[in-house]
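Single-structure report; data block below.
Protein chains: 2
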Amino acid sequence: MTELSGRKAQIVAAARGLLESGGSEAVTMRAIADKLGIKAPSLYKHFADKSSVEAALVTAGFIELTEAFAAAGSGSTERLVALGRAYRAWGIAHPHLYLLMTNRPLERDRLPEGVEAGAAAPILEACGGDADLARAAWAFAHGMTSLELADRFPPGADLDAAWRAGTNALQAPSRANSY
Amino acid sequence: MTELSGRKAQIVAAARGLLESGGSEAVTMRAIADKLGIKAPSLYKHFADKSSVEAALVTAGFIELTEAFAAAGSGSTERLVALGRAYRAWGIAHPHLYLLMTNRPLERDRLPEGVEAGAAAPILEACGGDADLARAAWAFAHGMTSLELADRFPPGADLDAAWRAGTNALQAPSRANSY
DNA sequence: TAAGATGGCTAACACCGTTAGCTTCATTAG
DNA sequence: CTAATGAAGCTAACGGTGTTAGCCATCTTA
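Quick mapping for you: the protein sequence lines, in order, are chains U and Z.
First residue of the first sequence? That's 25 in my numbering, and the numbers climb one at a time after it.
First residue of the second sequence? That's 25 in my numbering, and the numbers climb one at a time after it.
See below:
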């Protein structure tokens, strides 16, 4: 599972702290090094470049999101609704990491195999294996979360209602398929 | 309509060229200036900072997107499908500008009034005035486009089918409302 | 005990947005 | 016609960024 050596883990942890408290702008090689009491160039003894430590952050994010899905209850009757809630909650709880994971083209080479697919699997399952519907559901959830994080909805918007409208619409055909 | 003076328009055009050909990384004050045969500090005689020229790009994007919606035919029976197609097509045609418009928190103060709402209006209208549904539809469209641009779907994914699955699901309740 | 890897360091480079301060030129006021 | 003003360019520079080169101490291992 690509065990991080001690120092590597510390670097990722420091980067994570900076990211969560100050956004991606705050994640600076010099700032990371400062947090560990060393100088920026020393970081390159552990990571090839800044993108590599960002990739480690993104990897952690996908794993945590997968765990959040698992914790969202597998036996629920309205699985898609539960997954949507879990998705949104996780994104809101880790806004900067969520943006880091989704905003830029994903450099798949840098991520451990299967990490991305692991997060996607529960959605596909909740859609009864209908990949097209699963992609639509994922897109809806990502769109809602991303727009909410970017403060894109008008101030008084009832986002719970929008989530309901979307999940209701999307889960209906999946139920029809299961008969 | 906040007429851009000649030089201002040239600066925005240069920035647009850099953006479309090299992504947002390529949009540099020095690069913009180079394209115009001047030096970077001279740009500050026309724009207060880089964010202001980015805001001008984003403004142009919203206006063009609104036009694309208008061109998508207002008389179509399946309006939401047509708008979805127009949205996707516009995003794919201007990927970097689309990301600039949607990826970061929007600085509304810097945009002319109503520009954002103008792009949103057709969606709301196509949803029969149901704001919750409209937000869900917008989120779906944005999610699909954003994920496609970020190369997030697996290589063989049938995105047309995913768009169909989503728009079909989302337009059904809107039609029910219109009876 | 010698060798080699490990993980720090300083100095430096190229690039970034941005500011200060100077000049040059066209327009306008008196 | 001249003087003044403002617009729009310039160079030099500052602090910040990721990153590289090269040096040195320490620790492990043969």
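Note that beta-carbon positions come from the ideal geometry of N, C-alpha and C, so glycine has one too.
Computed from a predicted structure; not experimentally measured.
- Between U/Arg159 and the rest of its own chain, which residues show a CB-CB distance below 7 Å, the 5 nearest in sequence each way excluded? Here residue 159 of chain U refers to the residue found at position 135 of the first sequence. Nothing meets the Cβ criterion.
- Message: For U/Ile116 and Z/Ala155, I'd like the C-alpha separation in whole angstroms.
- Response: Position 92 of the first sequence, counted from the first residue, corresponds to residue 116 of chain U. Position 131 of the second sequence, counted from the first residue, corresponds to residue 155 of chain Z. Rounded to whole angstroms, U/Ile116 to Z/Ala155 spans 22 Å at the Cα level.
- Task: Can you give me, in chain order, the residues of the region 33–60 of chain Z that have a beta carbon less than 7 Å from any beta carbon in chain U?
- Result: none
- Task: Determine, using beta carbons only, whether Z/Arg128 comes closer than 8 Å to chain U.
- Result: Taking the second sequence and counting its residues from 1, the one referred to as residue 128 of chain Z is at position 104. Yes, Z/Arg128 lies at the interface with chain U (some Cβ there is under 8 Å from its Cβ).
- Return helix, strand or coil for Z/Phe86, following the three-state DSSP convention. Numbered from 1 along the second sequence, position 62 holds the residue referred to as residue 86 of chain Z. Three-state result, Z/Phe86: helix.
- Message: Within 10 Å of its beta-carbon, does U/Glu137 have 16 or more other beta-carbons around it, so buried, or fewer, so exposed?
- Response: Along the first sequence, read from residue 1 onward, the residue named residue 137 of chain U stands at position 113. It is exposed - the Cβ of U/Glu137 has fewer than 16 other Cβ atoms within 10 Å.
- Integer-rounded CB distance, given that Z/Leu123 should sit under 8 Å from Z/Leu173: Start at 1 with the first residue of the second sequence, and residue 173 of chain Z comes out as number 149. Start at 1 with the first residue of the second sequence, and residue 123 of chain Z comes out as number 99. About 7 Å separates the two Cβ atoms, so the contact holds.
- Task: Could you check how far apart the C-beta atoms of U/His120 and U/Leu43 are, in whole angstroms? I think they sit under 8 Å.
- Result: Reading the first sequence from its first residue, position 96 is the one you call residue 120 of chain U. Reading the first sequence from its first residue, position 19 is the one you call residue 43 of chain U. About 5 Å; that satisfies the 8 Å criterion.
- Query: With a CB to CB cut of under 6 Å and the five nearest residues on each side skipped, what residues in its chain are close to Z/Gly63?
  - Reply: As a first step, residue 63 of chain Z is located in the second sequence; it is residue number 39 there, counting from the start. One detail in the question is off: residue 63 of chain Z reads as Lys in this sequence, not Gly. Within the same chain, Z/Lys63 has close Cβ partners Ala57.
- Query: Which chain Z residues are close to U/Phe177, counting only those with a beta carbon under 7 Å from its beta carbon?
  - Reply: Here the question's residue 177 of chain U lines up with position 153 in the first sequence. Simply Arg159.
- Task: Report, in whole angstroms, the separation of the C-beta atoms of Z/Ile147 and Z/Ala161, which I expect to be a contact under 8 Å.
- Result: Here residue 147 of chain Z is taken as the residue at index 123 of the second sequence, counted from 1. Here residue 161 of chain Z is taken as the residue at index 137 of the second sequence, counted from 1. Their Cβ separation, rounded to whole angstroms, is 6 Å, which keeps Z/Ile147 and Z/Ala161 in contact under 8 Å.
- Assign U/Arg103 to one of two classes, buried (16 or more other C-beta atoms within 10 Å of its C-beta) or exposed (fewer than that). As a working note, residue 103 of chain U is residue 79 in the first sequence. With 16 or more Cβ atoms within 10 Å of its Cβ, U/Arg103 is classed as buried.
- Query: Closest Cβ-Cβ distance between U/Asp182 and chain Z: below 8 Å?
  - Reply: By one-based count along the first sequence, residue 182 of chain U stands at place 158. Yes - at least one Cβ of chain Z is within 8 Å of the one on U/Asp182.
- Message: So that I know if they touch, is there some Cβ in chain Z lying closer than 8 Å to that of U/Gly190?
- Response: Indexing the first sequence from 1 puts residue 190 of chain U at position 166. It does; some Cβ of chain Z falls within 8 Å.
- the ligand FAD heavy atom lying under 7 Å from the CB of U/Ala72: Looking at this structure, you won't find the ligand FAD or any other ligand, since it has none at all.
- Query: How would you list, in chain order, the residues of chain Z whose beta-carbon sits under 8 Å from the beta-carbon of U/Gly85?
  - Reply: Position 61 of the first sequence, counting from 1, holds the residue named residue 85 of chain U. Here the premise fails: no neighbours, minimum Cβ distance about 14 Å.
- Query: What did DSSP end up calling U/Ser98 once you bin it into helix, strand or coil?
  - Reply: By one-based count along the first sequence, residue 98 of chain U stands at place 74. In this structure, U/Ser98 counts as coil in the three-state DSSP scheme.
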